[in-house]
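The structure appears below as structure tokens.
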Amino acid sequence: FVQATNVVSFAKYPMLSSAIPVYNYLIDELEEYCDNCDSSNDIVTAVKAGIKKLETYYAKTDETTMYTVATILDPRLKLGYYEDHKWKQTFIRFAKETVINIYNDKYGPA
């Protein structure tokens with residue numbers, strides 16, 4: 001959590017492109033914690049509730065392409081973020097096509 005907090009808090013201007021990586025990081029860390037602890041532990045119950053809440057908000061990133069486009073256009077992340085984190089090739093192709101289509105619609109030849 002410290003790393004995710006630092007990414008969001010210390011940035012002079014929090015960036016939309018950080019949203020997907022931060023959600024993924026937090027959910028992965030919390031799931032790993034749950035996997036390594038006794039499931040009857042009250043803390044694990046609370047952590048699972050936290051995961052569910054994060055997933056609720058994370059799902060909202062699917063309602064618009066702006067998160068995907070922002071991630072791909074961020075020079076620190078680009079399309080490689082999705083490739084490096086083993087996202088499905090169908091999504092990677094969709095993401096790339098989305099950026100190309102938006103570019104062509106806005107800036108392509110008339």
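Residue numbers (my numbering): 1 to 110.
In this text, a Cβ means the ideal position worked out from N, Cα and C, and glycines have one as well.
Pairing CB atoms from the region 26-40 with CB atoms from the region 50-67, are three or more of them under 8 Å? yes
Grab me the residues of residue 68's own chain with a C-beta within less than 7 Å of its C-beta, minus the 5 sequence neighbours each way, in chain order. As a position in the sequence shown, residue 68 is number 68, starting the count at 1. The residues are 95, 98.
Bounding residues of the alpha helix (DSSP H) (the contiguous stretch that carries residue 16): Along the sequence shown, one-based indexing puts residue 16 at 16. Run containing residue 16: none; DSSP gives neither H nor E here.
Measuring straight from C-alpha to C-alpha, what distance separates residue 102 and residue 32? Position 102 of the sequence shown, counted from the start, is the residue given in the question as residue 102. Position 32 of the sequence shown, counted from the start, is the residue given in the question as residue 32. Approximately 37 Å, taken between the alpha carbons.
From the DSSP output, in three-state form, read off residue 34 for me. Locating residue 34 in the sequence shown gives position 34, where the first residue counts as 1. Reduced to three states, the DSSP call for residue 34 is helix.
Using a threshold of 8 Å, state whether the C-beta atoms of residue 34 and residue 22 are closer than that. Taking the sequence shown and counting its residues from 1, one reaches residue 34 at position 34. Taking the sequence shown and counting its residues from 1, one reaches residue 22 at position 22. Their beta carbons are not under 8 Å apart, which means residue 34 does not touch residue 22 by this criterion.
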